[in-house]
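Notes follow once the structure below has been shown.
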Amino acid sequence: MQMLLEILSVALSAAPWLLLGLLIAGLIKAWLPESLLQRWMGGHGLGSISRAAIIGMPLPLCSCGAIPTALTLHRGGAGRGPTTAFLIGTPGVGVDSILLTSVLLGPFMAVARVLGALVTAISTGLLVGLTSEQKTPAPAAEKASSCCSKSSCCDSDASTEDSCSTTSNQSSLRQGLRYAFSDLLDDISVWVFAGLLLAGVLVTLMPPETLAGLSGGFLSLLLMAVIGIPLYVCATAATPIAAGLLLTGISPGMALVFLLAGPITSLATLGLLRREFGTQALMIYLGSILVVTVALGWLLDELLRHISLDPVAQATEVQELLPASLEWLALGLLLVFALRPLRQRLFGF
Numbered sequence: 002m003q004m005l006l007e008i009l010s011v012a013l014s015a016a017p018w019l020l021l022g023l024l025i026a027g028l029i030k031a032w033l034p035e036s037l038l039q040r041w042m043g044g045h046g047l048g049s050i051s052r053a054a055i056i057g058m059p060l061p062l063c064s065c066g067a068i069p070t071a072l073t074l075h076r077g078g079a080g081r082g083p084t085t086a087f088l089i090g091t092p093g094v095g096v097d098s099i100l101l102t103s104v105l106l107g108p109f110m111a112v113a114r115v116l117g118a119l120v121t122a123i124s125t126g127l128l129v130g131l132t133s134e135q136k137t138p139a140p141a142a143e144k145a146s147s148c149c150s151k152s153s154c155c156d157s158d159a160s161t162e163d164s165c166s167t168t169s170n171q172s173s174l175r176q177g178l179r180y181a182f183s184d185l186l187d188d189i190s191v192w193v194f195a196g197l198l199l200a201g202v203l204v205t206l207m208p209p210e211t212l213a214g215l216s217g218g219f220l221s222l223l224l225m226a227v228i229g230i231p232l233y234v235c236a237t238a239a240t241p242i243a244a245g246l247l248l249t250g251i252s253p254g255m256a257l258v259f260l261l262a263g264p265i266t267s268l269a270t271l272g273l274l275r276r277e278f279g280t281q282a283l284m285i286y287l288g289s290i291l292v293v294t295v296a297l298g299w300l301l302d303e304l305l306r307h308i309s310l311d312p313v314a315q316a317t318e319v320q321e322l323l324p325a326s327l328e329w330l331a332l333g334l335l336l337v338f339a340l341r342p343l344r345q346r347l348f349g350f
């Protein structure tokens with residue numbers, strides 16, 4: 002019973018922010034075309050790598066979801082460095098996981114996670130970008146379809162063009178929201194449930210002193226990175242797990258290492274890197290993630306030793322901001338959207 006109450010408590014705290022994150026993800030999906038990504042990620046230098054990392058971070062894509070986009074961008078002219086930064090920044094954080102981190106681990110840890118993902122993406126992108134580039138023939142550009150090809154708005158006068166544009170924008174918005182509350186939610190719902198379940202188990206069965214003896218120190222941080230890199234979990238689902246681990250006694254630095262290393266590696270990502278960039282680039286990719294995440298975790302622990310800040314206490318304060326009625330309403334809506342037969346019957350997608 003205690004375990005169920007802990008799971009429910011975490012779920013209620015997370016539900017409003019996850020719902021808001023999905024809404025923002027749908028808007029991004031609707032209004033950020035791939036052609037714009039291609040233009041921003043062109044080039045091979047630090048500027049392109051930084052832009053690719055920053056652009057990728059809010060996008061609503063997990064590691065596997067980022068692969069086709071990154072592959073298209075690379076074969077369309079994006080260099081190895083920007084492509085790698087995009088592959089790390091995109092699944093490392095997202096609008097939904099950032100909001101969840103703020104409420105479950107506190108705003109300080111959310112900022113640390115965003116900055117950590119950015120540093121990891123840029124550092125790894127720079128290193129992979131130094132490897133030899135092999136020219137990949139870019140596919141022929143497809144002819145852009147006009148609004149008139151998708152509707153009956155084919156007159157040339159200004160009022161008709163405005164109506165055509167409005168219709169297209171409304172269609173894009175519907176498609177973006179449908180993607181967020183169907184495809185994206187279907188992709189992460191099982192992982193989120195598993196994360197909530199594991200968080201409840203950790204909080205219930207492992208008192209704070211259980212892992213405290215293992216916390217703090219380079220070897221502990223390295224162990225967390227070695228566990229997190231092969232243990233692929235999406236950024237949203239990793240958040241309640243990290244919160245549960247933090248409550249059982251690990252250091253904030255170890256939690257940060259898990260949040261950074263876990264979501265950005267998957268067998269599909271590693272396979273893509275090896276095929277497109279070669280074994281040398283793959284080894285540099287893995288080595289950079291290991292070194293950078295451990296270093297960032299160590300820096301976070303050292304910083305917290307010199308400032309009077311408790312991320313757990315800060316997270317507790319944030320969780321008390323919203324009324325219980327709003328949390329229950331948000332959880333109910335999430336359950337409706339997560340149950341596919343019910344969602345299809347009510348909303349048609």
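Numbering-wise (our numbering), the sequence shown opens with residue 2 and increments by one. Glycine included, C-beta positions come from ideal geometry on N, C-alpha and C. Since this is a predicted model, take the numbers as computed values, not measurements.
In whole angstroms, what separates the C-alpha of residue i from that of residue j?
| i | j | result |
| --- | --- | --- |
| Ala53 | Ala316 | 30 Å |
| Gly349 | Trp32 | 22 Å |
| Ser326 | Leu268 | 41 Å |
| Pro231 | Leu291 | 11 Å |
| Trp299 | Ala113 | 12 Å |
| Val191 | Ala296 | 31 Å |
| Ser10 | Leu343 | 24 Å |
| Leu6 | Leu274 | 43 Å |
| Tyr286 | Ala122 | 10 Å |
For residue i, which residues in the same chain have their Cβ closer than 7 Å to its Cβ, ignoring the five residues on either side in sequence?
| i | result |
| --- | --- |
| Pro253 | Met110, Leu247, Leu301, Asp302, Leu305, Pro312 |
| Asp158 | Because the pLDDT at Asp158 is just 46, under 50, the model does not fix this residue reliably, and the value given afterwards should be weighed accordingly. So no residue of the chain qualifies. |
| Gly107 | Pro312, Gln315, Ala316, Val319 |
| Ala139 | Per-residue confidence for Ala139 stands at a pLDDT of 42, beneath the threshold of 50, marking its modelled position as unreliable; the derived number appears in the next sentence. These residues qualify, in order along the chain: Arg76, Gly77, Gly78. |
| Leu271 | Leu283 |
| Leu335 | Ala16, Leu19, Leu20 |
| Val202 | Met4 |
| Leu310 | Phe109 |
| Ser124 | Ser289, Val293 |
On the premise that residue j lies in contact with residue i, defined as a C-beta separation below 8 Å, what is that separation, rounded to the nearest angstrom?
| i | j | result |
| --- | --- | --- |
| Ala293 | Gly263 | The sequence as given places Val at residue 293; Ala does not occur at that position. With 8 Å as the limit, Val293 and Gly263 do not qualify as a contact, their Cβ atoms being about 14 Å apart. |
| Met225 | Val193 | With 8 Å as the limit, Met225 and Val193 do not qualify as a contact, their Cβ atoms being about 21 Å apart. |
| Asp187 | Arg341 | 7 Å |
| Gly245 | Leu199 | 6 Å |
| Gly177 | Leu74 | In fact, because the Cβ distance is near 20 Å, the residues do not count as touching under 8 Å. |
Output needed for residue i: all residues of its chain with C-beta closer than 8 Å, excluding positions within five of it in sequence on either side, in chain order.
| i | result |
| --- | --- |
| Ser221 | Leu215, Ile251, Ser252, Met255 |
| Glu328 | Leu13, Ser14, Ala16, Pro17 |
Is it the case that the Cβ atoms of residue i and residue j are separated by a distance below 7 Å?
| i | j | result |
| --- | --- | --- |
| Ala86 | Ile56 | no |
| Glu60 | Thr91 | This sequence places Leu at residue 60; Glu is not what is there. Taking 7 Å as the Cβ cut-off, Leu60 and Thr91 qualify as a contacting pair. |
| Gly22 | Leu100 | yes |
| Ser289 | Leu116 | no |
| Ile352 | Val120 | The displayed coordinates of the chain run from 2 to 350. Any statement about residue 352 would go beyond what the structure contains. |
| Ala238 | Val94 | no |
| Gly48 | Gly82 | no |
| Leu197 | Ile8 | yes |
Only counting the same chain, and skipping five residues up and downstream in sequence, which positions put a Cβ closer than 6 Å to that of residue i?
| i | result |
| --- | --- |
| Glu162 | In this predicted model, Glu162 has a pLDDT of only 44, less than 50, meaning its place in the structure is not dependable enough to derive any value. |
| Leu131 | none |
| Gly371 | Residue numbering for the chain in the displayed model covers 2 to 350; residue 371 lies beyond these limits and cannot be assessed. |
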